[in-house]
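Numbering (UniProt numbering), first residue to last: 1 to 149.
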């Protein structure tokens with residue numbers, strides 16, 4: 001009988017970053033008045049929720065349970081942004097600038113997971129999610145570049 005030695009690695013860390021990203025986007029939606037930004041933030045939330053849903057079975061495989069935690073670095077960035085936004089005359093830029101950094105972090109976590117040995121199924125899911133995450137990042141970067149500082 002063959003023993004399965006393949007396993008997934010680093011999936012729960014990705015989910016934690018995405019969970020924190022969702023929370024950050026939700027708070028950002030409350031702080032900006034422009035509905036186009038709110039709609040954009042909703043798309044980012046939806047993309048992350050879809051990715052989390054796809055990754056949860058691998059999180060269960062990795063740690064034995066669903067991952068519901070958050071990432072401390074993203075939470076710290078969120079707190080920083082809220083403080084800076086109170087002092088800034090351009091709340092939209094402040095949030096978009098920091099949320100673009102969250103998108104960078106998501107891509108870093110995906111790259112980290114993809115650099116590790118994964119099961120074929122988890123690697124395929126990570127590659128699909130990375131394509132979506134790159135699209136989110138590029139949209140956020142374009143939005144960031146389109147805002148006059």
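A virtual CB, placed ideally from N, CA and C, is assigned to each residue, including glycine.
Asked, Found
"Cα separation between residue 40 and residue 99?", "12 Å"
"Hey, out of 53, 128, 94 and 83, whose CA is closest to residue 146's CA?", "94"
"Return the residue from the list 86, 56, 133 and 76 that minimises the CA-CA distance to residue 10.", "56"
"Can you tell me whether residue 143 is buried or exposed, with buried defined as 16 or more other CB within 10 angstroms of its CB?", "buried"
"Could you spell out where the alpha helix (DSSP H) holding residue 66 opens and where it closes?", "Residue 66 -> no alpha helix (DSSP H), and no H or E assigned at all."
"Along the chain, where does the alpha helix (DSSP H) containing residue 131 start, and where does it finish?", "120 to 146"
"With distances taken Cα to Cα, identify the nearest neighbour of residue 47 among 141, 132 and 140.", "132"
"In angstroms, rounded to a whole number, what distance separates the CA positions of residue 109 and residue 91?", "27 Å"
"Is it buried or exposed, residue 53, if we count other Cβ atoms within 10 angstroms and call 16 or more buried?", "exposed"
"Taking Cβ to Cβ, would you say residue 32 is nearer than 8 Å to residue 74?", "no"
"Provide the residue span of the alpha helix (DSSP H) that contains residue 112, from first to last.", "91 to 114"
"Would you decide whether residue 135 is buried or exposed? Buried here means 16 or more other CB atoms lie within 10 Å of its CB.", "exposed"
"Assign residue 138 to one of two classes, buried (16 or more other C-beta atoms within 10 Å of its C-beta) or exposed (fewer than that).", "exposed"
"Round the Cβ separation of residue 107 and residue 118 to the nearest angstrom and send it over; I've been treating them as touching at under 8 Å.", "Contact doesn't hold; Cβ gap of about 17 Å is too wide."
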